[in-house]
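Here is the structure we will look at.
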Amino acid sequence: DTEVTQTPKHLVMGMTNKKSLKCEQHMGHRAMYWYKQKAKKPPELMFVYSYEKLSINESVPSRFSPECPNSSLLNLHLHALQPEDSALYLCASSQDPFLSGVKYFGAGTRLSVL
Amino acid sequence: SQQGEEDPQALSIQEGENATMNCSYKTSINNLQWYRQNSGRGLVHLILIRSNEREKHSGRLRVTLDTSKKSSSLLITASRAADTASYFCATDTYGGSQGNLIFGKGTKLSVKP
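Each protein sequence line maps, in turn, to chains Z and B.
Take the position in the first sequence, starting the count at 1, then add 21; the result is the number in our numbering.
Take the position in the second sequence, starting the count at 1, then add 527; the result is the number in our numbering.
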């Protein structure tokens, strides 16, 4: 099973809403990532979790709050977002954060902030 | 920040033709990877080439790497309509530290039946 599952597939939220994105993998991977991708742009790294601990935060605004409850799950909590935060949010995992290797991506959550 | 720069930005070919995409990068790398993305969905890993390798094949895909020129190319032979997608090169620049990937801007490939 090489699947990374992201839910929901689509999300529309107002600027005062609180919502969460969920990511799950059962490959035993110990590194998990959140990427943000705007239309016609490449993915940009937001956060890295290594062995369930946050190891990289790429200067992401505090209205995005990641959480890794266990080695299989990664959440991204959203609060007070801005319309410019509308994008495709991609979760990825890899076997070991200290080994260069393949990243497995989920299908993404298409977020629209009204 | 972006590391790789692909060219062309867009490529339109007929089914059966070969498609070549190029990628240039700026810093030393541990490996370079190519990913495909269909219409705003998730990325699918295609091939990884390590810094000490010069060429790699996988099915209809051929990747070359020239570390002296800091460039790579992806060749898709005998293209099919199903190959229509955006293709990104991504470099692993930390040499194993956190395994961060930095993506290029991508090439949008359109294969017409």
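Quick reminder that beta carbons are idealized off the backbone N, C-alpha and C, glycines included.
Every value quoted in this text rests on a predicted model; they were computed, and no experiment measured them.
Show which residues of chain B have a CB atom less than 8 Å away from the CB atom of Leu111/Z. If you number the first sequence from 1, residue 111/Z lands on position 90. Going along chain B in sequence order, the residues near Leu111/Z (Cβ under 8 Å) are Gly569 and Leu570.
Once DSSP output is grouped into helix, strand and coil, what is the label at Pro90/Z? On the first sequence, position 69 is the one that residue 90/Z refers to. In the structure shown, Pro90/Z sits in a strand (DSSP, three-state: E or B).
Along the chain, where does the beta strand (DSSP E) that runs through Phe630/B open and close? Translated into positions along the second sequence, residue 630/B becomes position 103. Note, Phe630/B: beta strand (DSSP E), Leu628 to Phe630.
For Asn627/B, count neighbouring Cβ atoms within 10 angstroms of its own Cβ and tell me buried if that reaches 16, exposed if not. In the second sequence, residue 627/B corresponds to position 100, counting from 1. It is buried - the Cβ of Asn627/B has at least 16 other Cβ atoms within 10 Å.
Which bits of chain Z does Tyr575/B rub up against, with CB to CB less than 8 Å? As a working mapping, residue 575/B is identified with position 48 in the second sequence. At residue 575/B the sequence reads Leu, which differs from the Tyr that was named. Taking a Cβ-Cβ cut-off of 8 Å, the neighbours of Leu575/B in chain Z comprise Gly122 and Val123, given in sequence order.
7 Å CB neighbourhood of Met138/Z in its chain, flanking five on each side removed: A question about residue 138/Z goes unanswered here, because the residues of chain Z that appear run from 22 up to 135.
Validate contact between the stretch 585-601 of chain B and the stretch 539-558 of chain B using beta carbons, cut 8 Å, 3 pairs: Touching, yes, given that three or more Cβ pairs across the two stretches are closer than 8 Å.
Excluding five sequence neighbours on each side, which residues of the same chain lie with their C-beta closer than 8 Å to the C-beta of Gln536/B? Position 9 of the second sequence, counted from the first residue, corresponds to residue 536/B. Excluding positions up to five away in sequence, the list reads Lys632, Gly633, Thr634 and Lys635.
7 Å is my cut-off, CB to CB: does Lys632/B come that close to chain Z? To locate residue 632/B, count along the second sequence from 1; it is residue 105. So yes, Lys632/B belongs to the interface.
For chain B, check one thing: does any of its Cβ atoms lie closer than 7 Å to the Cβ of Gly128/Z? Looking up residue 128/Z in the first sequence gives position 107. Note that residue 128/Z is Ala in the sequence shown here, rather than Gly. True, the Cβ-Cβ gap to chain B drops below 7 Å.
Flag Leu66/Z as yes if its beta-carbon sits less than 7 Å from any beta-carbon of chain B, otherwise no. For the purposes of this step, residue 66/Z is taken as the residue at position 45 of the first sequence. With 7 Å as the cut-off, Leu66/Z counts as an interface residue toward chain B.
Strand pairing of Met34/Z, partner residues [DSSP]: As a first step, residue 34/Z must be located in the first sequence, where it is residue number 13. DSSP lists Val134/Z as partners of Met34/Z.
Give me, in chain order, the residues of the same chain whose beta-carbon lies closer than 7 Å to that of Gly122/Z; leave out the 5 immediate sequence neighbours on both sides. Taking the first residue of the first sequence as 1, we reach residue 122/Z at position 101. Residues Ser115 and Gln116 of the same chain have their beta carbon placed closer than 7 Å to that of Gly122/Z, with the five preceding and five following residues left out of the count.
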